[in-house]
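**Student:**
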Amino acid sequence: MLRLFAIALLLCTTAASAEMRDVQNYFFQPKLGDFKAELETARQSGKSGVLLMFVQADCPFCARMESTILSQSEVQDYYRKHFLIYEMDVRGDTAMTDFKGVNTTEKDFSLKNRARATPTFIFFDNQGEPVTRFTGPTKDAAEFLLLGRYVVDGAYKTQPFSAYKASIK
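Laid out in structure tokens, this is it:
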């Protein structure tokens, strides 16, 4: 009986861990540094746009989002289906080209987009225009998935996320 319980526990643990995947490989795409070109890729791929997660080193809320929400396969699969997703360092000096073709750095781009607190999620449409901003961590994966659906369904055009969220419950 004890052996059967141990096997069942092992199977449950394996199944639960199979749903968690590495964030850098399964959620974020590697940055090429040219977001104007990434917009073209998003359009050609039929994506709803580009999602940028503005982060900084030692941000506990960023770490929590990555370890508990962004690592879930359901979240990764949904977001990868609908968006190109990149991480942006709000203090980074890495050179990049913004959505308009202007050369800048991650830090300057973050300031231009008012990403001062981390994490900040900004969704950009396929023309490079910001359409939705969410600052801070979501409470759980369900809320983060709802945020993605809010953008994909175009609900951001008619109501704030808080109203959309309240209408779903």
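So the sequence shown is numbered by the working numbering: it starts at 1177 and just counts up by one.
Each residue gets a CB set at the ideal place from its N, CA and C atoms; glycine is no exception.
All values derive from a computational prediction rather than experimental measurement.
With 16 as the cutoff for other CB atoms within 10 Å, does I1261 come out buried or exposed?
**Tutor:** By the 10 Å Cβ count, I1261 comes out buried.
**Student:** List in chain order: all unbroken beta strand (DSSP E) runs of 3+ residues lying wholly within the region 1267-1342.
**Tutor:** 1271-1273, 1279-1281, 1296-1300 and 1306-1311
**Student:** Should A1218 and N1302 be called a contact, given that it needs their Cβ atoms to be closer than 9 Å?
**Tutor:** A contact, by the Cβ cut-off of 9 Å.
**Student:** State buried or exposed for T1334, treating a residue as buried only when at least 16 other CB atoms are found within 10 Å of its CB.
**Tutor:** exposed
**Student:** From the DSSP output, read off the bridge partner residues of I1261.
**Tutor:** L1227
**Student:** Going by DSSP in three states, D1253 sits in which element: helix, strand or coil?
**Tutor:** helix
**Student:** Would the region 1312-1328 and the region 1249-1261 be scored as touching if the rule is three or more Cβ pairs under 8 Å?
**Tutor:** yes
**Student:** What did DSSP end up calling Q1232 once you bin it into helix, strand or coil?
**Tutor:** Assignment of Q1232 by DSSP, reduced to helix, strand and coil, places it in the coil class.
**Student:** Check for me: the alpha helix (DSSP H) holding Q1200 runs from which residue to which?
**Tutor:** Unbroken alpha helix (DSSP H) run through Q1200: V1199 to Y1202.
**Student:** In angstroms with no decimal places, state the Cα-to-Cα distance between L1215 and A1342.
**Tutor:** Spanning the two alpha carbons is a distance of roughly 32 Å.
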